[in-house]
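J.: Taken in order, the sequence shown gives residues 1 to 660; the numbers are from full-length UniProt numbering.
For glycine and all other residues, C-beta sits at the position ideal for the given N, C-alpha and C.
Here the structure is a predicted model, which means the values were calculated and not measured.
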Amino acid sequence: QVTLRAGAELDARRVNQYTLILRAACPGEDEVEERLFVRVTAGHVLRCDTPFASAEGDVVQVLADVAPRTPLYAVLPQPLGGLTVSGYGGVGQGFSSPSFLQFRLQNHNTPLTLTRRGLVLAPDNGFDPSKDTQMFRLEIEVMDHHGHNCSGAVRVEVLPSRRPRVTFPEPHRAVTVTEGIGPWEVVTQVRASGDNVHYAILASVAPTLFTIDEGEQGSPGTPCPCPCAQCEATAPPAVTGEIRSTRRLEVIRAHLLIRAYNALHPDDHATATVNVTVQGTDRQAPRCVPAIFVSQVPETVCPGCTLMTLTCTDTSTHGCLHYALEGPPSSLSHFCMEGPQLKVNTTLDYDSEAMAALGFQFTATIVVTVGGQPLQSTRVPVLLTVTPVNEFRPACPPSATFTVPETAAFGSVVGRVAGTDRDYPLDSLEYSLEGGSGPAQPFSIDRRTGEIRVVGPLDSRQQKSYRLVVRLTDTHNDLDLRNRQSRLCDVSVRLQAVPDQLPVCIPEVQELRIAAGFPGSRQPVTRLACHGGPDSGVLTYNIVGGNEDGRFRLEGNTLVYLPSERAEPHPFVLLVEVWGGSGARRRSSVVALVVHVTPRSTPVPPSTTTQHTTLQKEPLVVTQIEAVWDPPAWFVAVMTITGALLLATLGCMARNLLCR
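1. Give the range of the beta strand (DSSP E) segment to which Ser465 is assigned.
2. Can you tell me the Cβ-Cβ gap for Thr309 and Gln341, rounded? I've got them flagged as a contact below 8 Å.
3. Looking at C-alpha atoms only, which residue of Val538, Gly520, Gly532, Pro507 is the closest neighbour of Thr526?
4. So, helix, strand or coil for Ser377, using DSSP?
5. Just to confirm my understanding: we take Asn345, look at its own chain, exclude 5 residues before and 5 after, and list those with CB closer than 6 Å. What are they?
6. What residue range does the beta strand (DSSP E) around Cys362 cover?
7. Just grab the DSSP bridge partners of Val40 for me.
8. Note down the Cα distance separating Val154 from Tyr199, rounded to an integer number of angstroms.
9. Tell me the DSSP secondary structure of Val32 in three-state form.
10. Helix, strand or coil: which one does DSSP assign to Pro388?
11. Specify whether the segment 626 to 645 and the segment 537 to 545 touch according to this definition: at least 3 beta carbon pairs, one from each stretch, less than 8 Å apart.
12. With distance defined between alpha-carbon atoms, name the residue in Pro286, Thr306, Lys343 nearest to His322.
13. In this structure, what does DSSP give as the bridge partners for Ile514?
14. Report all residues from its chain with a CB closer than 8 Å to the CB of His612; omit the five preceding and five following residues, and keep chain order.
15. Pull up the distance between the alpha-carbon of Asp268 and that of Asp65, whole angstroms please.
16. How is Ser330 classed by DSSP in three states: helix, strand or coil?
17. Take Ile181 and list the residues in its own chain whose beta-carbon comes closer than 6 Å to its own, dropping the five residues that flank it on each side.
18. Mind reading off the beta-carbon distance from Val175 to Val60? Whole number of angstroms is fine, and I expect it under 8 Å.
19. Assuming the contact rule is C-beta atoms closer than 8 Å, Leu72 and Thr110 should be a hit. Round their C-beta distance to whole Å, please.
20. Three-state secondary structure (DSSP) at Cys288?
21. By a C-beta neighbour count over all protein chains shown, 10 Å radius and 16 as the cutoff for buried, is Val477 buried or exposed?
22. Out of curiosity, what's the CA-to-CA distance linking Leu472 and Val294?
23. Looking only at DSSP bridge pairs, what is Glu434 linked to?
24. Can you tell me the Cα-Cα spacing of Val380 and Val417, whole angstroms?
25. Excluding the 5 residues flanking Glu451 on each side, which residues of the same chain have their C-beta closer than 6 Å to its C-beta?
26. Starting from the C-beta of Lys617, find all residues in its chain whose C-beta is less than 8 Å away, skip the five residues before and the five after it, and write them out in chain order.
27. Using 10 angstroms around the beta-carbon of Ala235, count the other beta-carbons present and answer buried if the total reaches 16, otherwise exposed.
28. Can at least three beta-carbon pairs, one atom from the segment 551 to 571 and one from the segment 637 to 650, be found at a separation below 8 Å?
29. Can the beta-carbon of His148 be found less than 8 Å from the beta-carbon of Leu264?
30. I'd like to confirm the pairing. Which residues does DSSP put opposite Ala200 in its beta bridges?
31. State the Cα-Cα distance for the pair Tyr561 and Val573, rounded to the nearest angstrom.
32. Got a sec, what are the start and stop residues for the beta strand (DSSP E) Gly580 sits in?
33. Taking DSSP as the reference, what is the three-state secondary structure of Asn542?
34. Quick check: Phe100 and Asp144, are their CB atoms within less than 8 Å of each other?
35. Counting pairs of beta carbons, one from the segment 426 to 446 and one from the segment 454 to 469, are three or more of them closer than 8 Å?
36. Per the DSSP calculation, Cys302 is bridged to which residue(s)?
Below, the structure written as structure tokens:
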């Protein structure tokens with residue numbers, strides 16, 4: 001009968017199954033072993049965890065400007081044993097509770113809402129931002145489909161809003177442009193400060209001519225102050241608040257009223273006026289060749305080199321052409337215009353994370369304008385792709401020495417050669433082993449990862465270390481795949497000697513008594529319990545002494561007796577040699593077995609009187625000696641006094657250090 005131990009606690013979340021090994025044996029029979037599997041399943045218990053179930057309740061702090069019906073708190077189940085309910089607070093989190101729980105609000109004097117999924121939502125109209133800190137308490141009861149329930153409380157503290165108000169730094173603006181501006185071209189841009197700023201056009205003389213980007217305001221960039229100046233790339237320019245034309249513009253005057261507002265709090269808004277004047281022109285835009293420029297630039301191109309010369313013509317007989325480069329700050333910092341020539345401003349480093357973030361491409365626009373009034377411009381799009389050049393040779397690791405036991409199995413990992421290469425993509429290398437693998441070099445290397453593995457036998461007595469030459473070759477670092485560079489690296493592999501371990505048998509000497517059976521039968525005597533080292537393999541057994549008449553033999557590790565016609569008791573002293581290992585590393589141990597063979601009872605001829613004789617077995621006495629250290633009393637006293645003096649000395653030293 002198997003029972004649960006007193007005081008035992010079962011937790012299905014930690015251990016959900018136990019395996020019990022049961023052994024049973026009857027007198028004169030072999031032992032039987034079976035297994036009993038005990039599975040632990042989770043029970044149905046509902047508990048409310050702290051701080052949700054405490055008297056004060058859980059506390060959630062939110063700002064007064066939180067959006068209406070925003071999730072503020074959720075009552076969530078925690079899979080711990082049965083079912084434990086706890087709370088989780090936070091604004092805007094994706095909460096979800098299972099449908100088998102029911103939630104009920106016990107107090108209704110609160111503007112907050114509790115959903116059937118256990119979510120506490122902000123009021124439908126939001127909180128009053130004009131008030132100071134507000135406090136709301138909700139008492140919640142949780143019940144599952146088994147009828148188990150628990151309850152807790154939540155306190156919601158509403159803090160005053162700290163967000164900045166939406167304002168226009170420039171509430172009035174006048175813009176003058178020339179006629180002929182195409183659809184969706186930028187006319188001007190307005191900016192407002194604040195959080196979550198969006199824009200809208202409220203009133204316009206011609207509302208179908210203009211539109212405004214309504215997205216959230218970004219961070220403006222810093223343009224280059226002068227042509228070809230060494231400018232660092234800054235944050236991308238703001239692309240929102242841009243007023244664009246919806247069609248080709250003609251001569252007109254438009255009055256636009258722009259509103260900027262907080263998307264989460266529309267009551268927070270500001271307005272600005274923009275007057276747009278579209279002037280007429282009697283001249284045509286310059287004609288430029290090429291009309292679009294797409295090219296590939298190697299990363300080694302020198303700063304100041306000319307990439308392209310733009311040829312533009314003007315139909316007018318007066319005025320000069322002006323060339324300017326527009327685009328993202330990254331493009332303006334790397335390229336510039338000197339007259340009609342597009343030149344490289346700074347080094348184009350293909351092997352950098354910043355270049356990889358740009359996709360190794362630069363976009364810009366060359367704007368060609370004619371001097372005088374009104375202005376007419378031509379725009380030439382530019383797309384430049386930076387191509388890689390294999391500039392650097394691979395570098396060897398600073399340390400390439402590995403140690404491996406001489407008993408390492410085939411395929412065991414010795415170590416990894418971590419080569420480096422500064423060309424992008426970084427560290428894209430191939431590894432190869434000079435001389436290949438063989439008896440003189442029983443190792444191989446992975447072509448992609450650089451892992452060195454064992455592929456042959458190792459013996460520290462024949463060779464204690466190996467010197468390997470690994471070739472590192474870079475890949476995919478140049479537009480021309482044939483342009484590759486390599487480097488040879490020395491790798492040292494030392495063999496760690498593993499001492500030979502002899503087979504161990506427990507016990508090493510056995511004394512056994514058996515009763516002889518019938519001639520021709522087979523009697524198992526004992527089974528040797530021996531084990532070897534990790535590399536010993538399968539053990540072999542052989543009788544090397546005491547079996548002159550051949551009455552014993554070994555079947556694996558089992559000693560078997562073959563009865564004969566011998567009638568008198570006879571002792572046998574057998575020597576069994578146990579071998580382990582393989583090849584030159586084979587080692588052996590010897591086990592001594594003393595077997596006392598008692599002859600079987602001789603049958604008595606039948607008579608009128610029957611006498612039964614019972615042989616009494618001589619008991620086998622097993623003596624086990626344990627070594628126990630019992631020091632004399634004077635030794636214990638000396639050690640105690642020495643320890644006390646040592647502690648006192650340490651205390652004095654610590655006190656002197658603290659005083660200093």
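T.: The relevant details are as follows:
1. Residues 465 to 474.
2. With 8 Å as the limit, Thr309 and Gln341 qualify as a contact, their Cβ atoms being about 5 Å apart.
3. Ranking the options by Cα distance to Thr526, first place goes to Pro507.
4. The answer is strand: DSSP assigns Ser377 an E or B state.
5. Same-chain partners within the cutoff: Cys228, His334, Phe335, Cys336.
6. The question names Cys, but residue 362 is Phe in the sequence shown. Unbroken beta strand (DSSP E) run through Phe362: 361 to 370.
7. Here Val40 is not bridged, per DSSP, to any residue.
8. Spanning the two alpha carbons is a distance of roughly 38 Å.
9. The DSSP-derived three-state label of Val32 is strand.
10. Pro388 falls in the coil class under three-state DSSP.
11. With the cut-off at 8 Å, the segment 626 to 645 and the segment 537 to 545 do not touch.
12. Nearest of Pro286, Thr306, Lys343 to His322, Cα basis: Pro286.
13. By DSSP's assignment, Ile514 forms a beta bridge with Val597.
14. With a pLDDT of only 36 at His612, under 50, the local geometry of the prediction cannot be trusted, and no value is derived from it.
15. Rounded to the nearest whole angstrom, the C-alpha separation of Asp268 and Asp65 is 11 Å.
16. Of the three classes helix, strand and coil, the one that applies to Ser330 here is helix, per DSSP.
17. Around Ile181: Ser245, Leu249.
18. Contact flag wrong, Cβ pair sits at about 48 Å.
19. Incorrect: roughly 12 Å between the Cβ atoms, too far for contact.
20. Reduced to three states, the DSSP call for Cys288 is strand.
21. Residue identity check: residue 477 is Asn in the sequence provided, not Val. Taking a 10 Å sphere around the C-beta of Asn477, we find 16 or more other C-beta atoms and assign the residue as buried.
22. Leu472 and Val294: Cα-Cα distance of roughly 36 Å.
23. Note: Glu434 is not bridge-paired with any residue in the DSSP secondary-structure output.
24. Distance between the alpha carbons of Val380 and Val417 is about 50 Å.
25. So the qualifying residues of the chain are Val413, Arg416.
26. With a pLDDT of 45 at Lys617, under the threshold of 50, the modelled position of that residue is not reliable, and the figure given next carries that caveat. Excluding residues up to 5 positions away in sequence, Arg513 lie with their Cβ nearer than 8 Å to the Cβ of Lys617 in the same chain.
27. Annotation note: pLDDT 39 at Ala235 (below 50); position unreliable, no value reported.
28. They do not touch, by the three-pair rule.
29. No, these two residues do not count as a Cβ contact at 8 Å.
30. Looking at the DSSP assignment, Ala200 forms a beta bridge with Arg259.
31. So the two alpha carbons sit approximately 13 Å from each other.
32. Annotation: the continuous beta strand (DSSP E) that includes Gly580 extends over 570 to 580.
33. In this structure, Asn542 counts as strand in the three-state DSSP scheme.
34. For Phe100 and Asp144, yes; Cβs fall inside 8 Å.
35. Output reads yes: the segment 454 to 469 touches the segment 426 to 446.
36. Cys302 is not bridged to any residue.
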